[in-house]
């Protein structure tokens with residue numbers, strides 16, 4: 160019991176320490192994934208907004224009526240005002256109305272004009288502004304976004320392509336609400352975090368941190384504010400920490416970076432790992448409590464271990480001894496959920512399987528005896544049948560009844576080949592002879608009112624096949640095809656061919672055909688006789704799933720049944736007979 164308690168306690172302690180470490184790692188990974196997902200969603204929202212505003216910019220820039228009005232020369236200010244009011248104002252006003260986050264849309268023209276509200280103005284108005292001087296040379300027909308994090312302004316600028324084609328210069332200025340543009344990054348994490356969005360040159364476009372907000376809500380004191388302020392990182396300091404992490408150095412910050420998907424902008428989120436401390440402490444208390452409960456449970460369980468386990472093992476031993484004494488009908492069961500209970504149930508299952516195998520072997524022996532008796536009877540009964548048919552044939556010849564003699568000989572030949580001395584296989588030549596005998600009988604029964612066409616490749620005749628494959632197909636062709644045909648003379652065509660590996664036997668008729676809904680499930684029909692379903696199953700069981708019976712039919716034109724089987728020689732030396 161002491162050894163059991165020690166062995167049980169040490170792994171629990173190790174497992175608790177390991178679990179706390181793994182849980183800490185899991186929390187970090189989960190927080191990392193959560194931040195990545197939030198950043199991805201924010202980036203997607205930012206990209207979507209930029210795309211919307213770019214599309215609006217394209218709509219204005221490539222609007223022919225607006226460009227025509229802006230290009231035009233006017234005799235007086237009134238006529239120009241009238242054109243601007245009728246064409247430019249409705250488009251720009253409606254875009255601002257349906258997009259409330261757009262602060263301003265202005266087209267600046269490189270000519271001396273009177274300012275028209277905030278929608279059209281002279282280029283001289285912005286030539287002195289810093290953003291225009293810095294970006295004048297790079298402005299083109301492509302939308303260029305200019306973000307100022309310090310002043311919290313965001314707008315796009317571009318040239319007017321249609322005006323450029325007419326040798327005139329125009330700048331489309333679209334001002335968007337700065338906070339709404341980056342609103343997707345407001346709730347990156349429930350804990351405090353910092354965020355920067357920078358362009359490819361390293362210029363900060365947007366920055367945000369929630370350290371002061373979260374700590375102020377918990378404790379609105381100067382000390383807390385000071386501590387929270389120390390958690391915020393400037394962008395240069397954040398870059399150094401990122402470089403240190405890339406070089407394999409440990410950091411006290413969780414840093415996640417991602418592409419914004421807009422003009423090579425990059426999103427960087429950082430979070431102090433100390434934010435996890437409170438969660439880890441709670442986890443450690445919980446783990447230690449679980450360890451204490453497990454140790455107490457282990458001690459209590461050790462007291463009951465011997466009684467319960469030994470009791471079940473003793474019962475299993477009693478059952479095994481009873482089986483040794485010959486009691487094979489013993490029922491061995493257990494409701495215990497431990498390993499001993501599983502062992503008892505396993506022994507019971509084994510005993511049941513042994514009893515099943517005993518009965519199975521016994522029944523198989525009985526079945527084998529019955530099969531042997533049936534085979535012996537099958538050897539006796541055909542002799543009586545053949546003798547009777549020979550007697551009928553002799554009597555028919557004696558009476559001059561040639562038709563009766565012909566049918567009797569065909570029937571005798573059919574049964575002789577069908578029974579095949581109890582064998583399941585025969586040559587294709589014998590199968591064809593058997594089918595010819597059957598057709599001869601059918602022709603007599605139908606007064607020769609249909610034709611039989613034989614097209615058999617002689618090379619396939621020595622090969623082996625299952626017996627009674629063609630007869631059911633011919634019988635179906637007569638009963639369900641030709642007999643139901645109301646016009647024209649019917650025919651049945653038997654075709655035999657082979658390729659490099661397989662042999663193909665086909666029975667074709669020009670009867671009434673089969674309805675599509677019946678054709679799709681005909682191989683599943685269970686009939687009282689020996690139908691096509693039986694033929695298909697015999698082929699699959701004997702040769703394998705890749706060999707089968709295929710049926711093609713067209714209503715009013717006929718049916719074609721094709722059997723494919725492998726090439727098997729009937730030569731005993733070949734080993735396949």
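In the working numbering, the protein residues as written are 160 to 736.
Glycine included, every Cβ here is placed at the ideal spot set by N, Cα and C.
Item: Would you list the one or two residues that DSSP bridges to residue 719?; Value: 667, 711
Item: Does at least one heavy atom of the ligand ATP sit under 7 Å from the Cβ of residue 312?; Value: The ligand ATP is not among the ligands present in this structure, which contains no ligands whatsoever.
Item: Compute the Euclidean distance between the alpha carbons of residue 651 and residue 585, then round it to the nearest angstrom.; Value: 23 Å
Item: My output table needs one value for residue 636: the three-state DSSP class, helix, strand or coil.; Value: helix
Item: Tell me residue 585's beta-bridge partners as DSSP assigns them.; Value: 624
Item: What would DSSP say about residue 558, mapped onto helix, strand or coil?; Value: coil
Item: Among 620, 642, 356, 583, which residue has its Cα nearest to the Cα of residue 663?; Value: 620
Item: If you reduce the DSSP assignment to three classes, tell me which class residue 417 lands in.; Value: strand
Item: Under three-state DSSP, which class holds residue 650?; Value: strand
Item: How big is the Cα-Cα spacing for residue 484 and residue 493?; Value: 21 Å
Item: Let me check understanding here. Comparing Cα to Cα, which of 414, 279, 251, 202 lies closest to residue 230?; Value: 279
Item: Suppose you measure from the CA of residue 479 to the CA of residue 500; what does that come to, to the nearest Å?; Value: 14 Å
Item: So for residue 524, helix, strand or coil by DSSP?; Value: helix
Item: Is it the case that the Cβ atoms of residue 260 and residue 357 are separated by a distance below 8 Å?; Value: no
Item: In three-state DSSP terms, what is residue 278?; Value: coil
Item: So, for residue 380: in the same chain, excluding its five sequence neighbours on each side, which residues have a beta-carbon less than 6 Å away from its beta-carbon?; Value: Bear in mind that a pLDDT of 42 at residue 380, under 50, signals an unreliable position, so the number given afterwards is only what the model happens to contain. Correct list: empty, nothing qualifies.
Item: Run through DSSP, which three-state label would residue 726 get?; Value: coil
Item: If you measure between the beta carbons of residue 347 and residue 209, is that distance less than 8 Å?; Value: no
Item: Going by Cα to Cα distance, which pick from 704, 703, 691, 323 is closest to residue 711?; Value: 691
Item: Taking the beta strand (DSSP E) that residue 262 falls in, what are its first and last residues?; Value: 261 to 268
Item: So the candidates are 623, 629, 671; which of them puts its Cα closest to the Cα of residue 702?; Value: 623
Item: Considering residue 233, what are the terminal residues of the beta strand (DSSP E) in which it resides?; Value: Segment: none, residue 233 is in no beta strand (DSSP E) and carries neither H nor E.
Item: Candidates 633, 592, 593, 590: which alpha carbon is nearest residue 609's?; Value: 633
Item: Locate the beta strand (DSSP E) running through residue 610, then write down its first and last residues.; Value: 609 to 615
Item: Leaving out five residues on either side along the sequence, give the residues of the same chain with a beta carbon under 7 Å from the beta carbon of residue 583.; Value: 625, 626
Item: Just how far apart, CA to CA, sit residue 594 and residue 717?; Value: 20 Å
Item: Going by beta-carbon coordinates alone, are residue 657 and residue 618 separated by less than 8 Å?; Value: yes
Item: From what residue to what residue does the alpha helix (DSSP H) around residue 257 run?; Value: 248 to 257
Item: May I ask you to report which of helix, strand or coil DSSP gives residue 177?; Value: helix
Item: Tell me the start and end of each unbroken beta strand (DSSP E) in the region 265 to 345 that is at least 3 residues and wholly inside, in chain order.; Value: 279 to 281, 303 to 307, 312 to 318, 329 to 335
Item: Could you please give the first and the last residue of the uninterrupted beta strand (DSSP E) stretch that includes residue 356?; Value: 353 to 357
Item: Just verifying my parser: in three-state terms, what is the DSSP assignment at residue 221?; Value: coil
Item: Going by alpha carbons, who is nearest to residue 171 out of 364, 253, 317, 447?; Value: 447
Item: For residue 317, which option in 301, 219, 452 has the closest C-alpha, if you only look at C-alpha atoms?; Value: 301
Item: Helix or strand or just coil, what does DSSP make of residue 484?; Value: coil
Item: In the DSSP output, which residue or residues are listed as bridge partners for residue 430?; Value: 413
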